[in-house]
Each structure stands twice: as C-alpha cells, then as structure tokens.
Amino acid sequence: MTDIILIRHGETDWNRQMRFQGHSDIALNALGQEQARRVALALAGPGATDRITHLVTSDLIRTAQTAMPLARRLELEPQSRAVWREQAFGDMEGTAVGDMAQTHPELWTQWLRHDPDFLLPGPAESRRQFHARALQALFTEVAAHSERQARNPTEVGTLVVFTHGGLLDMLWRTAQGQSLWGPRTAAIPNTGINRLKVQGEHIDIVSWADDRHLAGLPAQPSTVQAAAAPAVAPPP
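Going letter by letter, the sequence shown gives residues 0 to 235 in numbering that gives the first Met the number 0.
As structure tokens, this is what we get:
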C-alpha cells in the first residue's frame, strides 16, 4: 500500500474567470501564489507530520509554481511529467464557460450531456481518453515510488503530486466507483490536500479536499458541475 498526496495547483486568472484552461500554460495569480505558500506550510511547516521525500508536477507552469514553496522548504527538486496535465479542451481553451452557450450553442448542448466520448473541436481529449491517462499517471507513479521504497525504506517517504482539477476528478470517480457519465460532484479546491492509499489498481481515499490552510482567503469558484441539461443515460 502506497500513500500519496495529490494537490490541485493554485488559482490562476482563468480559474477566477471560469475559462477552459486545459493545456494552456497559465501562471498563478497573486491569490494562487498565497495558496501555494500556505499549502507548503500545511505540509512541511511547524506541526506537520508527513515525511515528504519526492515531489512531482505536471509540465505546466501553474503546478510548478504551486510546488515551488514546498520544494524550497524541503530542499527537493520536483520532477515534471506531462502525463499529469489537465484534460485537453482543444479550440475551447481560453473560452469562458459562461460564454460558450452564446458563442458555440451546439457544442454547449453537447457538453452538458456529459458524454465521456464527446470530443471538443481541435486537439482535445474525450473524458474517457483523459480518464485512461489519469489512471496511467497514478499507477505508473505509484509503482515507481513503491520500488524506491522497497530498495531504501528508511530514506524514501511520502510522494506529493501537484496536478489539476480534472485529473483529480477522474481519480475521485474511480475510487468512488462513479460513472464517467454525469457532472463532476467532487469538491476540488485550489491547493486542497487529497490523501490516497493505492495498492495495485485499487484506490482508497483517506481524506479529500482538506482546505483548512486556506482559512480567511477569498472564496473559490465552485468546481462542482451543475446538471444544466437533462441527464442522458449511458448506453447499456
């Protein structure tokens, strides 16, 4: 059984504006930088109990910037891996979610069906494709870390991965046995702390969306998706 901590990156302006972000390389805003500072204190400040020895990020700047305060505090070098990226939203990246109904009404209607095989135009991923990548990212990372621990159990401690909200949703759905059909139901705050135990291809959630370190900061846009169109049942 391998313990892993997963952190969503800090806030960007596109998060605040509710834009499709995807693979676009958007930096943290001032609030996101403060969130990154606080999550570092939560994980490695006074009273912290985790013995963190390995840090991983996606290859997008918002995760690298979020990891930096913790990396400096622990004097660790984060490893960057593209497989931990957010879902690709193709030509819709940069579009505000609230504008999509006006600018692309047909795509908006299809989007609200929450069909896991639906593809936005451009270099995009379907939810099903993204889910497969998310599981590949997790299981490959955990297997490598387990091997390190087996070789040197006294020196190898906890693994922390800085990733993205959509990818965390894919792991949440898997752990909960939740279908890929339907809107997101998990709370996934920026720099929320999510703890998993993974053995083979089995995922147990220890704790989820711990954001006590963010007390007093401005409220975040909700990550829970409304079912704004009639639900479409998955095929049998």
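Virtual Cβ for every residue (Gly too), placed ideally from N, Cα, C.
In this text, all values refer to a predicted model and were calculated from it rather than measured experimentally.
In this structure, F117 lies away from E200, with their beta-carbon atoms at least 8 Å apart. When rounded, the separation of the alpha-carbon atoms in M169 and P115 is 11 Å. R71 is classed as exposed because its beta carbon has fewer than 16 other beta carbons within 10 Å across all chains shown. For T1, the enclosing beta strand (DSSP E) begins and ends at 1-7. In the three-state DSSP reduction, H103 falls in the coil class, being neither helix nor strand. Pairing W180 with G164, the inter-Cα distance amounts to about 17 Å. Taking the Cα positions, Q16 is about 7 Å away from A95. Burial of S57 is indicated by the presence of at least 16 other C-beta atoms within 10 angstroms of its C-beta.
The Cβ-Cβ distance between V160 and W207 does not fall below 8 Å. In the three-state scheme derived from DSSP, where H, G and I count as helix and E and B as strand, Q128 is classed as helix. Here A142 carries a helix assignment [DSSP, helix/strand/coil].
Contact between the segment 95-105 and the segment 139-152 is absent, with fewer than three C-beta pairs closer than 8 Å. Using a Cβ distance threshold of 8 Å, P120 and D90 count as a contacting pair. I6 has its alpha-carbon roughly 14 Å from the corresponding atom of L59. CA-CA distance, L40 to A47, rounds to 8 Å. Within the same chain, M0 come within 6 Å of Q198 by CB-CB distance, once the 5 residues on both sides are set aside.
The three-state reading of DSSP puts D49 in coil, since its state is none of H, G, I, E or B. The bridge partners DSSP lists for N193 are L5.
A Cβ-Cβ separation of about 20 Å leaves I3 out of contact with R61 under the 8 Å criterion.
Note on the segment 153-227: whole alpha helix (DSSP H) runs with a minimum of 4 residues are 164-175, in chain order. Within its own chain, the residues whose Cβ lies closer than 6 Å to the Cβ of P220, once the five positions on either side in sequence are excluded, are M17, listed in chain order.
Rounded to the nearest whole angstrom, the C-alpha separation of F19 and T153 is 43 Å. Beta-bridge pairing by DSSP links S79 to T56.
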